[in-house]
Every structure is written in structure tokens, then in C-alpha cells.
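Residue numbers (my numbering): 5 to 134.
By construction, the Cβ of each residue, glycine as well, lies at the ideal position given by its N, Cα and C atoms.
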């Protein structure tokens, strides 16, 4: 009986940590998707892949997270013609990030959205040639 309570207690302790990790990765997926969207949608905007990798490291995400997210974004946004399908969790996070970004772009208008990204994604996006 004690073993059952101990296991239940350990699961309760581990569950919030897992939820925090998922939330952190979800935030990161949204940032990466928005950085790529800014590169495509906003004039004279570029990203540096290494900056994305460093951000993932700062957020203490597992090595390879940036590449998984990049591949998932490419796969989802090209109908499977580029990138690679990733695990269901990452694919779902990319889909949600896409919806959030699309709604923000519509709500703000593209030029205002681009201006907002310069501030909110500072360090992840930059002006081309700069």
C-alpha cells in the first residue's frame, strides 16, 4: 500500500514538471514559427538559425528541438513536400502556433504585425544585411 502512495506521489510531482516543459516548448514553437513567418511576410527581415538554437538552449529544451520544429513547420506549411513530419505533440504545437499567428496577423494587419515582431522577437529576427 505504501508503494502505491509513493508511486502516486511521484507521479503528481512529475506531472507539473512535464506540463511546464510542454508549455516551455510550446512557447518556443510559437516563437520559431513567428520568426519564420516574419522572414517570409515582413520586408527585409531575416533570421539566424544559430540564434534559434541558442534560445532553445537558454530555455533548457533538448538538443535537436530547433531542427524538429523547423522540419515540422516546413512539413505542415508545404503539405508534406518539404521538411519531415515530427511526433504528434510537436505537430499539434505547430498547428496551434500557426492559428495564433494567423489570427494575430489578421487582427493587427500585416504591417503592424511585422512591427510588433521586431520587438517581441528581438534577438531571433533582424534586418537583412544587419
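#1: Tell me which residues share the same chain as residue 60 and place their Cβ nearer than 7 Å to its Cβ, disregarding the 5 neighbours each side in the sequence.
#2: If you reduce the DSSP assignment to three classes, tell me which class residue 49 lands in.
#3: Who are the Cβ neighbours of residue 90 in its own chain at under 7 Å, not counting the five residues just before and after it?
#4: With a cut-off of 8 Å on the beta carbons, I'd call residue 105 and residue 37 a contact; round off their distance for me.
#5: In angstroms, rounded to a whole number, what distance separates the CA positions of residue 115 and residue 46?
#6: Taking the alpha helix (DSSP H) that residue 107 belongs to, which residues open and close that run?
In short:
#1: 32, 69 and 70
#2: Residue 49: strand per DSSP, three-state reduction.
#3: 72, 75 and 76
#4: So it is a contact: roughly 6 Å between Cβ atoms.
#5: 8 Å
#6: DSSP places residue 107 in the uninterrupted alpha helix (DSSP H) bounded by 92 to 112.
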